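Asks: The structure that follows is given in the form of structure tokens.
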Amino acid sequence: MHRRDLLKASMMMAAASGLPASLFSLHSFAKTADGEAEPFDFKQLQARAKSMAGRAYKSTAEVLPKTLAELTPQQFNAIQYDPAHSLWNELGGQLDVQFFHVGMGFRQPVRMHAVDPKSRQAREVHFRPDLFDYGKSGVDVAQLKGDLGFAGLKVFKQPNIAKYDIVSFLGASYFRAVDNTGQYGLSARGLAIDTFTDTPEEFPDFTEFWFETPSKDATRFVLYALLDSPSATGAFRFDIDCLEDRVVMDIDAHINARKSIKQLGISPMTSMFACGGHERNRCDFIATAIHDSDRLSMWRGNGEWVCRPLNNPEKLQFNAFADTNPKGFGLVQYDHDFKSYQDTVVWYSRRPSLWVEPTTQWGEGSIDLLEIPTTGETMDNIVCFWNPKQPIEPGTSLNFGYKLHWAALPPVKPTLAQVHGTRSGMGGFTLGWAPGEHWPKVWARRFAIDFTGGPLAKMDAKAQVEVVVEASHGEVKDFSILALYPDVEGFRAQFDWFPTSDSVEPVNMRAYLRRVDNKEVLSETWLYQYFPPAPAERRYPDWKSDS
Numbered sequence: 200m201h202r203r204d205l206l207k208a209s210m211m212m213a214a215a216s217g218l219p220a221s222l223f224s225l226h227s228f229a230k231t232a233d234g235e236a237e238p239f240d241f242k243q244l245q246a247r248a249k250s251m252a253g254r255a256y257k258s259t260a261e262v263l264p265k266t267l268a269e270l271t272p273q274q275f276n277a278i279q280y281d282p283a284h285s286l287w288n289e290l291g292g293q294l295d296v297q298f299f300h301v302g303m304g305f306r307q308p309v310r311m312h313a314v315d316p317k318s319r320q321a322r323e324v325h326f327r328p329d330l331f332d333y334g335k336s337g338v339d340v341a342q343l344k345g346d347l348g349f350a351g352l353k354v355f356k357q358p359n360i361a362k363y364d365i366v367s368f369l370g371a372s373y374f375r376a377v378d379n380t381g382q383y384g385l386s387a388r389g390l391a392i393d394t395f396t397d398t399p400e401e402f403p404d405f406t407e408f409w410f411e412t413p414s415k416d417a418t419r420f421v422l423y424a425l426l427d428s429p430s431a432t433g434a435f436r437f438d439i440d441c442l443e444d445r446v447v448m449d450i451d452a453h454i455n456a457r458k459s460i461k462q463l464g465i466s467p468m469t470s471m472f473a474c475g476g477h478e479r480n481r482c483d484f485i486a487t488a489i490h491d492s493d494r495l496s497m498w499r500g501n502g503e504w505v506c507r508p509l510n511n512p513e514k515l516q517f518n519a520f521a522d523t524n525p526k527g528f529g530l531v532q533y534d535h536d537f538k539s540y541q542d543t544v545v546w547y548s549r550r551p552s553l554w555v556e557p558t559t560q561w562g563e564g565s566i567d568l569l570e571i572p573t574t575g576e577t578m579d580n581i582v583c584f585w586n587p588k589q590p591i592e593p594g595t596s597l598n599f600g601y602k603l604h605w606a607a608l609p610p611v612k613p614t615l616a617q618v619h620g621t622r623s624g625m626g627g628f629t630l631g632w633a634p635g636e637h638w639p640k641v642w643a644r645r646f647a648i649d650f651t652g653g654p655l656a657k658m659d660a661k662a663q664v665e666v667v668v669e670a671s672h673g674e675v676k677d678f679s680i681l682a683l684y685p686d687v688e689g690f691r692a693q694f695d696w697f698p699t700s701d702s703v704e705p706v707n708m709r710a711y712l713r714r715v716d717n718k719e720v721l722s723e724t725w726l727y728q729y730f731p732p733a734p735a736e737r738r739y740p741d742w743k744s745d746s
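Sequential numbering of the sequence shown, starting at 200, is according to our numbering.
As structure tokens, this is what we get:
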């Protein structure tokens, strides 16, 4: 008797004898996961990844049949996994898993395995066409020969288990999750390599996954992943908690370097910022703001909170914020008010934020931010990650523990006031006067920052508050503070920036609120990068007064 037949016979014995199926396997485990049983544990996976790093990289990407390689996005999306074959379908529980078909640009076969949590036996789920409904995709099923693997996976949860998925892993090492709105937004990755260096960026792949079968009532499950690339390997454990209003992933990542790596991105995240708020002039759309995230928020190792609004720059911009053992950081969609977006197509007002909470000591390094010019909303142009300070040489092994919180807002916030919004416009003229015939003689740019919450929430509107502003070049002056009560519980800090040279280098600004009397800091720190126009463009529009 073959080993596979023996396991199937064991399953039938369990059903006939009334013994708990978990002592042998689960029905869906035997039906969908049709590979032979093999022992599995995370230590074994870590050792495998480390051993792989000592050998030369060999790509496992396949040349796909023509019928799959030439799929359009619409055709690819028309291929649907058959829910009757989903991994945990027969559990009838809170969670279920389905798989993405290979095709189009998804050429890397990803191997899937089901793990019995008690016996620690794993069985592979092999690709076969009957797992999918090809509908109107136009795929010629006759061309689908052999085990093509899968492109990725998606997780479903009650009560919307038949409506939409809440966690998705698809392409390289990319993955996403939703909050209670059911709206996907920004993405995370297992690892980023050389995102901003003098060498091409490398995109590691998750090549294999292992799923621990959860109990029927569980909303939490464990997922393991093997990562592979020319420069690194990795073993990951994801403890994924699918809560009512958010998804929380507790991650244990073990990274091994095959080669010297100039820039290693830990817990990378990718988002989109096209326009909105302080960059209104780029929103020539019906929607008044277009972005998946509006700021980078950082809780530094020294306890300082920092808000850095995102930009859609004229040219590529890279910033590194040095830190030691950060307490957390993330790309945040702070504003969820529909009136700020007026978008009824993809609902940017419902996009989740992503917050990284280190659970181990990360040491010295930097939170790196890359902002790429974009003309629209179809390209992710924001990249953020932790970059360790230590050199990454062949044979280096690193371990990082962290949690990812996919929710409307991060799970923590400063006790100080937060940046509620940033605006900028023409400056250099007296407040309250329409420009027109009152143009100043010197070109300037005006900034307004709204701070709310924290100690400002119950502060007297007549309290003596000042804004402290620093700029890397140019001159900052004409400060004003305006209480926003009762409309907003906070203050608006306003100032003008004047150029003092012909430099077009970005202006790095830093600002916060404090009391006038005792210099008590009242707000988180606002960081901003402004791109001044060329001297020939430093003029106001040729408007004429109507008076």
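Glycine included, C-beta positions come from ideal geometry on N, C-alpha and C.
If you're wondering where the values come from, they're calculated on a predicted model, not measured in any experiment.
Within 8 angstroms, do at least three Cβ pairs link the region 549-557 to the region 508-519?
Replies: no
Asks: Is the CB-CB distance between glycine 351 and phenylalanine 435 below 8 angstroms?
Replies: no
Asks: Please classify alanine 220: does DSSP put it in a helix, a strand, or coil?
Replies: No answer about alanine 220 holds up, because its pLDDT of 33 lies below 50 and its placement is not dependable.
Asks: Determine the extent of the beta strand (DSSP E) in which leucine 426 is found, giving its start and end residues.
Replies: 419-427
Asks: Give me, in chain order, the residues of the same chain whose beta-carbon lies closer than 7 angstroms to that of aspartate 240; leave out the 5 immediate sequence neighbours on both sides.
Replies: Arg319
Asks: Start and end of the alpha helix (DSSP H) containing methionine 251?
Replies: 241-252
Asks: What residue from Phe517, Trp554, Gln541 and Val545 has the CA that sits closest to phenylalanine 528's CA?
Replies: Trp554
Asks: Are the region 431-447 and the region 236-253 in contact at 8 angstroms, needing three or more beta carbon pairs?
Replies: yes
Asks: What distance in whole Å lies between the Cβ atoms of alanine 521 and serine 565, which are believed to be in contact at a cut-off of 8 angstroms?
Replies: 5 angstroms
Asks: Is the beta carbon of glycine 348 less than 8 angstroms from the beta carbon of valine 301?
Replies: yes
Asks: So, for aspartate 745: in the same chain, excluding its five sequence neighbours on each side, which residues have a beta-carbon less than 6 angstroms away from its beta-carbon?
Replies: Annotation note: pLDDT 45 at aspartate 745 (below 50); position unreliable, no value reported.
Asks: Beta carbon of glycine 389, beta carbon of serine 372: below 8 angstroms?
Replies: yes
Asks: Given a cut-off of 8 angstroms on the beta-carbon distance, is the pair lysine 538 and tryptophan 498 in contact?
Replies: no
Asks: Is the beta carbon of leucine 615 sitting closer than 8 angstroms to the one on proline 587?
Replies: Cβ distance not < 8 angstroms, so leucine 615 and proline 587 don't count as in contact.
Asks: Considering Cα atoms alone, identify which of Phe326, Ser336 and Glu235 is closest to threonine 271.
Replies: Minimum Cα distance to threonine 271 is reached at Ser336.
Asks: Suppose the cutoff is 6 angstroms on Cβ atoms and the five residues either side in sequence are ignored; what does the same chain contact list for serine 221 look like?
Replies: Residue placement at serine 221 cannot be trusted, given a pLDDT of 34 that sits under 50; what the coordinates show is reported in the next sentence. Same-chain partners within the cutoff: Lys317.
Asks: Just curious, the alpha helix (DSSP H) that leucine 267 is in, first and last residue?
Replies: 265-268
Asks: In this structure, how does DSSP classify valine 531 when only helix, strand and coil are distinguished?
Replies: strand
Asks: Classify lysine 356: buried if its beta carbon has 16 or more other beta carbons within 10 angstroms, exposed otherwise.
Replies: buried
Asks: Since glycine 547 sits in a beta bridge, which residues does DSSP pair it with?
Replies: Looking at the sequence shown, residue 547 is not glycine but tyrosine. In DSSP, tyrosine 547 forms no bridge with anything.
Asks: Given this structure, state the Cα-to-Cα distance separating valine 703 from methionine 311, to the nearest angstrom.
Replies: 52 angstroms
Asks: Measure the beta-carbon distance from threonine 629 to histidine 672 and round it to whole angstroms, keeping in mind my assumption that it falls under 8 angstroms.
Replies: The Cβ separation is near 25 angstroms, so there is no contact.
Asks: Measuring alpha carbon to alpha carbon, tell me which residue in Phe305, His325, Ala268 and Asn455 is nearest alanine 232.
Replies: His325
Asks: Name the DSSP beta bridge partners of lysine 676, please?
Replies: Asp695
Asks: Touch check for the region 657-673 and the region 618-628: three-plus C-beta pairs under 8 angstroms?
Replies: no
Asks: Determine the direct distance from the alpha carbon of aspartate 416 to that of leucine 290, and round the result to whole angstroms.
Replies: Taking the straight line from one Cα to the other gives about 9 angstroms.
Asks: Drop a sphere of 10 angstroms on the beta-carbon of glycine 575, count the other beta-carbons inside from all chains shown, and report buried for 16 or more, exposed for fewer.
Replies: By the 10 Å Cβ count, glycine 575 comes out exposed.
Asks: Can you tell me which residues form a DSSP beta bridge with glycine 600?
Replies: Asp451
Asks: Go to phenylalanine 176, then tell me how far its alpha helix (DSSP H) extends in each direction, as first and last residue.
Replies: Nothing can be reported for residue 176, as the shown portion of the chain is limited to 200 through 746.
Asks: Measure from the alpha carbon of serine 414 to the alpha carbon of each residue in Leu569, Trp585, Asn288 and Phe646, then state which is nearest.
Replies: Asn288
Asks: Could you check the C-alpha separation between phenylalanine 584 and valine 706 for me, to the nearest Å?
Replies: 23 angstroms
Asks: Can you tell me whether isoleucine 485 is buried or exposed, with buried defined as 16 or more other CB within 10 angstroms of its CB?
Replies: exposed
Asks: On the DSSP bridge assignment, give the partners of lysine 353 in chain order.
Replies: Gln297 and Ser367
Asks: To the nearest angstrom, how far is the alpha carbon of glutamine 541 from that of alanine 236?
Replies: 53 angstroms
Asks: Check the C-beta distance from glutamine 462 over to aspartate 397 and give it rounded, since I have them as a contact under 8 angstroms.
Replies: Going by Cβ atoms, the distance from glutamine 462 to aspartate 397 rounds to 10 angstroms, so no, they are not a contact pair.
Asks: Mind reading off the beta-carbon distance from asparagine 379 to glutamate 443? Whole number of angstroms is fine, and I expect it under 8 angstroms.
Replies: 6 angstroms
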